[in-house]
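In UniProt numbering, the protein residues as written are 1 to 200.
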(Lines of atoms letter the chains of each structure in order from A and count residues from 1; the text may use other names and numbers.)
(Lines give C-alpha, C1' and ligand atoms only; values in the text may rest on other atoms or scores of the structure.)
Protein backbone atom coordinates (compact mmCIF):
# COMPACT_ATOMS: atom_id res chain seq x y z
CA UNK A 1 0.00 0.00 0.00
CA UNK A 2 1.40 3.43 -0.92
CA UNK A 3 2.39 6.00 1.71
CA UNK A 4 -0.63 7.17 3.66
CA UNK A 5 -2.83 4.42 2.26
CA UNK A 6 -3.15 2.57 5.55
CA UNK A 7 -3.90 5.83 7.36
CA UNK A 8 -6.65 6.57 4.83
CA UNK A 9 -8.07 3.05 5.24
CA UNK A 10 -8.06 3.47 9.03
CA UNK A 11 -9.80 6.85 8.79
CA UNK A 12 -12.52 5.57 6.46
CA UNK A 13 -13.17 2.08 7.78
CA UNK A 14 -12.26 1.96 11.48
CA UNK A 15 -15.21 1.89 13.88
CA UNK A 16 -15.58 2.38 17.62
CA UNK A 17 -15.61 -0.78 19.72
CA UNK A 18 -19.00 -2.21 20.64
CA UNK A 19 -18.90 -0.61 24.10
CA UNK A 20 -17.10 2.05 26.14
CA UNK A 21 -15.66 -0.80 28.25
CA UNK A 22 -13.42 -2.15 25.45
CA UNK A 23 -10.21 -0.11 25.26
CA UNK A 24 -7.31 0.02 22.83
CA UNK A 25 -7.35 -1.24 19.26
CA UNK A 26 -9.01 -4.53 18.26
CA UNK A 27 -9.35 -6.36 14.92
CA UNK A 28 -12.47 -5.23 13.05
CA UNK A 29 -15.23 -7.59 11.94
CA UNK A 30 -15.28 -5.60 8.65
CA UNK A 31 -12.21 -7.49 7.48
CA UNK A 32 -8.44 -8.00 7.70
CA UNK A 33 -6.26 -4.94 8.17
CA UNK A 34 -9.09 -2.91 9.72
CA UNK A 35 -9.48 -2.08 13.40
CA UNK A 36 -11.94 -0.93 16.04
CA UNK A 37 -10.84 1.68 18.56
CA UNK A 38 -11.76 2.17 22.20
CA UNK A 39 -12.84 5.29 24.10
CA UNK A 40 -9.28 5.75 25.38
CA UNK A 41 -8.09 6.31 21.78
CA UNK A 42 -10.85 8.87 21.20
CA UNK A 43 -9.94 10.76 24.40
CA UNK A 44 -6.22 10.73 23.49
CA UNK A 45 -6.93 11.97 19.95
CA UNK A 46 -9.23 14.77 21.15
CA UNK A 47 -6.69 15.91 23.74
CA UNK A 48 -3.74 15.80 21.31
CA UNK A 49 -5.67 17.83 18.72
CA UNK A 50 -7.48 20.21 21.10
CA UNK A 51 -10.92 18.88 20.08
CA UNK A 52 -14.05 18.65 22.18
CA UNK A 53 -15.82 16.12 20.01
CA UNK A 54 -15.59 14.07 16.82
CA UNK A 55 -18.60 13.52 14.54
CA UNK A 56 -18.12 10.60 12.18
CA UNK A 57 -20.22 8.68 9.68
CA UNK A 58 -19.76 5.70 7.37
CA UNK A 59 -21.42 3.21 9.74
CA UNK A 60 -25.11 2.33 9.93
CA UNK A 61 -26.46 2.79 13.47
CA UNK A 62 -30.06 1.85 14.23
CA UNK A 63 -31.13 5.14 15.85
CA UNK A 64 -29.44 7.38 13.25
CA UNK A 65 -26.84 8.58 15.74
CA UNK A 66 -24.91 6.98 18.55
CA UNK A 67 -22.72 8.43 21.30
CA UNK A 68 -19.40 6.83 22.24
CA UNK A 69 -16.50 7.60 24.57
CA UNK A 70 -18.64 9.50 27.04
CA UNK A 71 -20.09 11.69 24.28
CA UNK A 72 -16.72 12.66 22.75
CA UNK A 73 -17.55 10.77 19.55
CA UNK A 74 -20.86 10.69 17.71
CA UNK A 75 -21.61 8.36 14.82
CA UNK A 76 -24.14 10.00 12.50
CA UNK A 77 -25.98 8.09 9.77
CA UNK A 78 -28.63 9.93 7.76
CA UNK A 79 -29.93 7.18 5.44
CA UNK A 80 -33.14 5.54 6.63
CA UNK A 81 -33.86 1.86 6.02
CA UNK A 82 -30.31 1.27 4.76
CA UNK A 83 -30.17 -1.00 1.68
CA UNK A 84 -33.97 -1.34 1.88
CA UNK A 85 -33.82 -3.84 4.73
CA UNK A 86 -32.14 -2.41 7.86
CA UNK A 87 -35.27 -0.54 9.09
CA UNK A 88 -32.94 1.94 10.82
CA UNK A 89 -33.72 5.58 11.54
CA UNK A 90 -31.55 8.30 10.05
CA UNK A 91 -30.49 11.48 11.83
CA UNK A 92 -29.05 14.92 11.34
CA UNK A 93 -27.38 17.10 13.96
CA UNK A 94 -28.50 20.70 14.21
CA UNK A 95 -25.72 22.78 15.75
CA UNK A 96 -26.97 26.02 17.27
CA UNK A 97 -25.46 28.92 19.13
CA UNK A 98 -23.20 28.14 22.08
CA UNK A 99 -22.67 24.66 20.59
CA UNK A 100 -26.17 23.47 21.48
CA UNK A 101 -26.46 20.22 19.53
CA UNK A 102 -29.90 18.85 18.70
CA UNK A 103 -30.16 15.43 17.03
CA UNK A 104 -33.18 15.21 14.73
CA UNK A 105 -34.34 11.72 13.84
CA UNK A 106 -35.69 10.70 10.47
CA UNK A 107 -37.79 7.57 10.89
CA UNK A 108 -38.10 5.07 8.05
CA UNK A 109 -41.43 4.92 6.29
CA UNK A 110 -43.43 1.80 7.02
CA UNK A 111 -43.91 -0.62 4.14
CA UNK A 112 -46.72 0.72 2.01
CA UNK A 113 -49.71 -1.65 1.77
CA UNK A 114 -50.78 -2.45 -1.77
CA UNK A 115 -54.14 -0.71 -1.28
CA UNK A 116 -52.30 2.56 -0.52
CA UNK A 117 -50.44 2.57 -3.86
CA UNK A 118 -51.67 5.18 -6.31
CA UNK A 119 -51.84 4.44 -10.00
CA UNK A 120 -49.47 7.12 -11.32
CA UNK A 121 -49.55 8.23 -14.94
CA UNK A 122 -46.62 7.51 -17.22
CA UNK A 123 -44.25 10.47 -17.71
CA UNK A 124 -44.99 12.65 -20.72
CA UNK A 125 -42.61 12.52 -23.65
CA UNK A 126 -41.81 15.02 -26.38
CA UNK A 127 -43.90 12.89 -28.78
CA UNK A 128 -47.10 13.34 -26.72
CA UNK A 129 -49.59 15.82 -28.20
CA UNK A 130 -49.81 19.15 -26.36
CA UNK A 131 -52.53 19.69 -23.78
CA UNK A 132 -54.05 23.01 -22.70
CA UNK A 133 -51.70 23.03 -19.68
CA UNK A 134 -48.53 21.56 -21.16
CA UNK A 135 -48.16 23.86 -24.17
CA UNK A 136 -46.38 22.83 -27.32
CA UNK A 137 -44.34 19.62 -27.58
CA UNK A 138 -41.22 21.81 -27.64
CA UNK A 139 -42.02 23.08 -24.12
CA UNK A 140 -43.32 19.75 -22.87
CA UNK A 141 -41.46 17.75 -20.25
CA UNK A 142 -42.10 14.45 -18.48
CA UNK A 143 -43.22 16.54 -15.51
CA UNK A 144 -45.62 18.83 -17.36
CA UNK A 145 -48.97 19.28 -15.64
CA UNK A 146 -51.90 17.27 -16.93
CA UNK A 147 -55.57 18.10 -17.06
CA UNK A 148 -58.26 15.99 -15.36
CA UNK A 149 -58.98 12.96 -17.48
CA UNK A 150 -55.37 12.61 -18.67
CA UNK A 151 -54.16 10.65 -15.66
CA UNK A 152 -54.14 13.45 -13.08
CA UNK A 153 -54.99 11.99 -9.67
CA UNK A 154 -58.30 13.21 -8.29
CA UNK A 155 -60.86 12.40 -5.60
CA UNK A 156 -63.11 9.44 -6.22
CA UNK A 157 -66.66 10.83 -6.08
CA UNK A 158 -68.12 7.94 -4.07
CA UNK A 159 -65.33 7.07 -1.61
CA UNK A 160 -63.41 10.34 -1.29
CA UNK A 161 -60.20 8.38 -2.00
CA UNK A 162 -57.34 9.76 -4.09
CA UNK A 163 -56.37 8.00 -7.31
CA UNK A 164 -56.71 7.67 -11.07
CA UNK A 165 -57.57 4.04 -11.60
CA UNK A 166 -58.56 0.89 -9.79
CA UNK A 167 -55.88 1.32 -7.11
CA UNK A 168 -57.00 4.09 -4.77
CA UNK A 169 -55.40 5.49 -1.60
CA UNK A 170 -57.72 6.09 1.36
CA UNK A 171 -57.92 9.68 2.56
CA UNK A 172 -56.48 8.56 5.96
CA UNK A 173 -53.11 7.47 4.57
CA UNK A 174 -50.17 5.69 6.16
CA UNK A 175 -48.32 9.05 6.35
CA UNK A 176 -50.81 10.44 8.86
CA UNK A 177 -50.37 7.25 10.92
CA UNK A 178 -46.57 7.67 10.80
CA UNK A 179 -46.83 11.23 12.12
CA UNK A 180 -49.13 10.15 14.97
CA UNK A 181 -46.89 7.24 16.01
CA UNK A 182 -43.54 9.07 15.73
CA UNK A 183 -41.45 8.74 18.91
CA UNK A 184 -40.23 11.90 20.65
CA UNK A 185 -37.01 13.60 19.60
CA UNK A 186 -34.05 12.73 21.88
CA UNK A 187 -33.01 15.23 24.58
CA UNK A 188 -31.24 18.40 23.51
CA UNK A 189 -27.54 18.94 24.07
CA UNK A 190 -26.53 21.96 26.12
CA UNK A 191 -23.24 23.76 26.31
CA UNK A 192 -21.47 22.96 29.55
CA UNK A 193 -19.49 26.16 30.18
CA UNK A 194 -15.84 25.69 29.29
CA UNK A 195 -16.19 21.91 29.47
CA UNK A 196 -17.56 21.61 25.92
CA UNK A 197 -20.85 19.93 25.09
CA UNK A 198 -23.06 18.16 27.57
CA UNK A 199 -26.29 16.27 27.07
CA UNK A 200 -29.34 16.32 29.27
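Built from N, CA and C at the ideal position, the CB exists for glycine as well.
* To the nearest angstrom, report how far apart residue 27 and residue 12 are at their CA atoms. => If you draw a straight line from the Cα of residue 27 to the Cα of residue 12, it comes to about 15 Å.
* Asked: Do you know how far the Cα of residue 49 is from the Cα of residue 83?
  -> The C-alpha of residue 83 lies about 35 Å from the C-alpha of residue 49.
* In or out: residue 90 buried (at least 16 other Cβ within 10 Å) or exposed? -> It counts as buried.
* **the stretch 102-111 touching the stretch 66-81, judged by at least three CB pairs closer than 8 Å** => Contact holds: three or more Cβ-Cβ distances are below 8 Å.
* Buried versus exposed call for residue 101 [16 or more other C-beta atoms within 10 Å across all chains shown] -> Counting the other CB atoms within 10 Å of its CB gives residue 101 a total of 16 or more, which places it among the buried residues.
* Could you work out which residue in 45, 23, 67 and 44 is closest to residue 37 when comparing CA atoms only? => For the options 45, 23, 67 and 44, the alpha carbon positioned closest to that of residue 37 is the one of 23.
* Distance, residue 111 Cα to residue 284 Cα -> A question about residue 284 goes unanswered here, because the residues of the chain that appear run from 1 up to 200.
* Which stretch, first to last residue, makes up the alpha helix (DSSP H) that contains residue 77? -> From DSSP, residue 77 is part of no alpha helix (DSSP H); its letter is neither H nor E.
* Cutoff 6 Å; reference residue 61; Cβ partners in own chain excluding five residues on either side -> If we look at residue 61 and ignore the five residues flanking it on each side, its Cβ neighbours are 75 and 77.
* Asked: Rounded to the nearest angstrom, how far is the Cβ of residue 73 from that of residue 54, given a contact under 8 Å?
  -> Yes, they are in contact, since the Cβ atoms of residue 73 and residue 54 sit about 5 Å apart, within 8 Å.
* **Assigned exposure category for residue 57 - 16 Cβ within 10 Å defines buried** => When all chains shown are included, residue 57 counts as exposed.
* **DSSP three-state assignment for residue 159, whether helix, strand or coil** => Because residue 159 carries a pLDDT of 48, less than 50, the predicted location of this residue cannot be relied on, and the following value inherits that uncertainty. Residue 159: coil per DSSP, three-state reduction.
* Are the C-beta atoms of residue 25 and some chain C residue less than 9 Å apart? -> Structure shown: chain C not included; a single protein chain is present.
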